[in-house]
Amino acid sequence: MNPSRQFQFKSVNYTGMAAGPRVIIMGATHGNEVCGTKAIRRVMEEIDSGRLHIAAGSVTFVPIVNPLAYAKVERSGDRNLNRDLFPKENPQDFEDHVANWLCPLLGQHDVLLDLHSFNAAKGEPFVMVGPRNNDGPLQPFKHEEQERALARILGVRRFVDGWLATYGDGVKRRSRNAGELETVLRYGVGTTEYMRSTGGYALTLECGQHDDPAAPEVAYRAIMNTLAHLKLVDAPAPAPIPLEEMEALSMVVVHDKQHADDRFTRQWASFDPVAEGEQIGVRADGTPVVAEFGGRILFPDAKANANSEWYYLTRPNPEFGR
Ligand SMILES: [Zn+2]
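Have a look at this one:
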């Protein structure tokens with residue numbers, strides 16, 4: 580099958596009469612994560628029927644970012660779109676074609692809300708935020724305040740930051756030379772990282788488990804709150820979640836599988852608490868793997884290959900939002 584004969588890319592823009600930010604809201608960046616698609620269609624229907632009015636700025640909706648993955652009802656078409664997301668001169672796989680359409684589109688916007696869902700059997704929604712303001716080489720950024728203010732009105736209470744820096748530390752440990760390092764760091768760029776690289780800010784909202792009927796509701800509430808918060812619609816500004824109700828976590832360290840036979844000693848799920856010294860797994864040679872500090876485990880991957888990410892450890896981040 581030649582996907583170019585079967586698929587096209589679709590975005591719908593609504594532009595208000597008054598000045599305001601250019602917002603882009605996306606679903607199905609991963610094809611089996613459809614809560615955003617459903618919520619976007621619901622909001623578009625409200626606008627098209629006249630019940631909701633874009634008064635200022637503009638909003639672009641992308642109901643399905645990755646149509647091949649969506650048609651397959653799988654995370655990826657040919658590969659994970661949320662890695663190595665750059666325009667490609669010689670597009671090879673389907674996601675390269677998505678990137679050549681999507682990256683310029685992102686570049687025309689100021690704010691991205693990317694709506695995802697997760698695989699874990701349990702767990703509450705959470706939002707992934709970008710770095711603190713910095714002018715470092717990895718991910719320079721100057722919109723920390725606006726980005727975190729937006730995160731706090733989405734309607735969720737759990738926040739995670741520090742992904743790219745932690746991922747980058749893991750890459751540095753694995754890399755043998757600077758060229759390889761740069762290549763692999765580029766590999767860490769997904770939709771939000773690309774958006775920040777073009778001068779905007781961006782959030783990934785994980786709305787709940789893939790099949791949870793509540794997830795499209797979480798996504799819908801986040802879209803409506805975003806439109807109100809950024810004043811694209813005439814609606815009261817949503818109140819930010821109080822600091823004392825937030826659970827903010829920073830990714831601190833990623834541990835790799837060193838050998839394919841390294842294994843967890845129990846079935847971990849994202850956000851499971853771990854105590855300092857608690858055993859997490861065991862290396863192939865029998866060496867125990869223990870938590871070097873207390874916190875929560877994130878993205879444990881029992882099926883990881885040798886020399887790739889096995890699990891992340893986070894710790895509470897009392898600085899978030901202050
Ligand atoms: Zn996803």
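Numbering-wise, the working numbering puts 797 at position 218 of the sequence shown, and it's gapless, one number per residue. No residue lacks a Cβ here, since even glycine has one placed at the ideal position from N, Cα and C.
CA-to-CA, the gap between L729 and K651 works out to about 32 angstroms. Our two residues, E726 and N756, have alpha carbons roughly 34 angstroms apart in a direct line. In this chain, the alpha helix (DSSP H) harbouring N804 covers 794-808.
By alpha-carbon distance to T594, the top candidate from F588, Q587, V602 is V602. The alpha-carbon separation between T783 and M774 amounts to approximately 11 angstroms. Leaving aside the five residues that flank F588 on each side, the residues in its chain whose CB is nearer than 6 angstroms to its CB run, in chain order, W680. Using a Cβ distance threshold of 9 angstroms, E785 and F843 do not count as a contacting pair. The beta carbon of N645 sits no closer than 8 angstroms to any heavy atom of ligand 1. A direct Cα-to-Cα measurement between P716 and V708 gives close to 18 angstroms. L822 is not a Cβ neighbour of R875, given a cutoff of 9 angstroms. Assignment of R662 by DSSP, reduced to helix, strand and coil, places it in the coil class. Under the three-state reduction of DSSP, N645 is assigned to coil, being neither helix nor strand. In chain order, R737 place their CB closer than 7 angstroms to the CB of E703, counting only its own chain and leaving out the 5 sequence neighbours on each side. Short of 6 angstroms from the beta carbon of G767, and not among the five residues preceding or following it, lie these beta carbons of its own chain, in chain order: L743, Y746. The DSSP-derived three-state label of E723 is helix. Close CB contacts of P719 within its chain, under the 8 angstroms cut and outside five residues either way in sequence, are with N713 (chain order).
For the pair of segments examined, the stretch 618-631 was found not to touch the stretch 651-669: the number of CB pairs separated by less than 8 angstroms stays below three. With a threshold of 16 other beta carbon atoms within 10 Å, G778 falls short and is exposed. For K667, same chain residues with a beta-carbon under 7 angstroms away, outside a window of 5 residues either side, are D675, A678, N679 in chain order. N592: not part of any alpha helix (DSSP H); member of the beta strand (DSSP E) spanning 591-594, first to last residue. Take R620, set aside five residues on each side of it, and the residues of its chain with a beta-carbon closer than 8 angstroms to its own are P642, in chain order.
For L681, the enclosing alpha helix (DSSP H) begins and ends at 673-686. Those residues placing their Cβ nearer than 5 angstroms to any heavy atom of ligand 1 are, following chain order, H609, E612, H695. Beta bridge pairing from DSSP links Q846 with no other residue.
The Cβ-Cβ distance between M605 and F640 falls below 9 angstroms.
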